[in-house]
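Before any comments, here is the structure.
In mature numbering (1 follows the signal peptide of the UniProt record, and there is no 0), the protein residues as written are -25 to -1, 1 to 231.
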């Protein structure tokens, strides 16, 4: 598992820097032109792009890991993002920026957990003191599903050079083909399992790097909570996971 995610991290790094180098070289050999000839402004800056081309769309890769008692959980996903800047710049000073609404769809989502087997669970007395352990059969392995984040609220801070940072928060839903996260196994049809549906409240930070006037790559880091909100009989959840995302965005306007 560690080898898998070391390879994934290396792939993300190579993809990130490779995209920067290739796209930057391409941008230097072409002269950018406005999509609409009636526009007369300096399109070479990210500020101009965000002002006149508010729609954002592109693919991304995502990977991460759980924390605390879920530190042996790892995650991998791929999908697309659609967003739109909804406001003009507002607020003063360092907080000045724009409000953006995004939607993410991940048709590929996987969680890698320890193999199924016997796991120790604490036994407590009526006072809540642990008096021993019991070993119970527990599920595990790889879980596959899909995920959608229909509410992703982002505050885009003002660009600095080619960089445009942001902060964001949102919530989504994960569906897995088997109940997640793994817990004590129970006979089919017997109450006591988790759920195939889990919710993903989250918040994070990120930044775009504009490689050409209407193209950007971005990286972001999010803290994601995974919980079924007790849709199943048990809700052990993943209290906190750290998810990293690498993506590519096209910017455009619907104005003719």
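C-beta atoms are modelled at their ideal positions from N, C-alpha and C, and glycine is treated no differently.
What residue range does the alpha helix (DSSP H) around residue i cover?
{"i": "residue 24", "result": "21 to 27"}
Exposed or buried, which one is residue i when buried takes at least 16 other CB atoms within 10 Å?
{"i": "residue 183", "result": "buried"}
{"i": "residue 56", "result": "buried"}
{"i": "residue 111", "result": "exposed"}
{"i": "residue 213", "result": "buried"}
{"i": "residue 225", "result": "exposed"}
{"i": "residue 179", "result": "buried"}
{"i": "residue 34", "result": "exposed"}
{"i": "residue 205", "result": "exposed"}
{"i": "residue 82", "result": "exposed"}
{"i": "residue 193", "result": "buried"}
{"i": "residue 29", "result": "buried"}
Locate the beta strand (DSSP E) running through residue i, then write down its first and last residues.
{"i": "residue 159", "result": "Careful: residue 159 lies outside any beta strand (DSSP E) and carries neither H nor E."}
{"i": "residue 208", "result": "That residue, residue 208, is in no beta strand (DSSP E); it is neither H nor E in DSSP."}
{"i": "residue 85", "result": "72 to 87"}
{"i": "residue 63", "result": "Run containing residue 63: none; DSSP gives neither H nor E here."}
{"i": "residue 135", "result": "Unbroken run through residue 135: none, as it is neither H nor E."}
{"i": "residue 202", "result": "Looking at the DSSP string, residue 202 is not in any beta strand (DSSP E), and its letter there is neither H nor E."}
{"i": "residue 174", "result": "170 to 174"}
For residue i, which residues from the same chain have a beta carbon less than 6 Å from its beta carbon, with the 5 sequence-adjacent residues on both sides left out?
{"i": "residue 21", "result": "134, 139 and 185"}
{"i": "residue 158", "result": "169, 209 and 211"}
{"i": "residue 146", "result": "126 and 176"}
Am I right that residue i and residue j are in contact with their C-beta atoms under 8 Å? What's the rounded C-beta distance?
{"i": "residue 113", "j": "residue 94", "result": "4 Å"}
{"i": "residue 120", "j": "residue 90", "result": "That belief does not hold up - the Cβ atoms of residue 120 and residue 90 are roughly 19 Å apart, past 8 Å."}
Counting only the same chain and skipping the five closest in sequence on each side, list residues whose C-beta sits under 8 Å from that of residue i.
{"i": "residue 216", "result": "39, 40, 41, 42, 45, 48, 50, 198, 199, 200 and 201"}
{"i": "residue 100", "result": "106"}
Residues in the same chain with beta-carbon distance under 7 Å from residue i, minus the five sequence neighbours each way, listed in chain order, please.
{"i": "residue 173", "result": "149, 155, 201, 202 and 203"}
{"i": "residue 60", "result": "25, 29, 73, 75 and 131"}
For a cutoff of 8 Å on Cβ pairs, would you count residue i as touching chain E?
{"i": "residue 83", "result": "Reference to chain E is not applicable here, since this structure consists of a single protein chain."}
(message) Assess contact between the segment 138 to 154 and the segment 94 to 109, defined as three or more Cβ pairs (one per stretch) separated by less than 8 Å. Is contact present?
(response) The segment 138 to 154 makes no contact with the segment 94 to 109, as fewer than three CB pairs between them are under 8 Å.
(request) Answer yes if the segment 50 to 57 comes into contact with the segment 66 to 74, meaning at least three C-beta pairs across the two stretches below 8 Å, and no otherwise. (result) Judged by pairs of C-beta atoms under 8 Å, the segment 66 to 74 does not touch the segment 50 to 57, as fewer than three such pairs exist.
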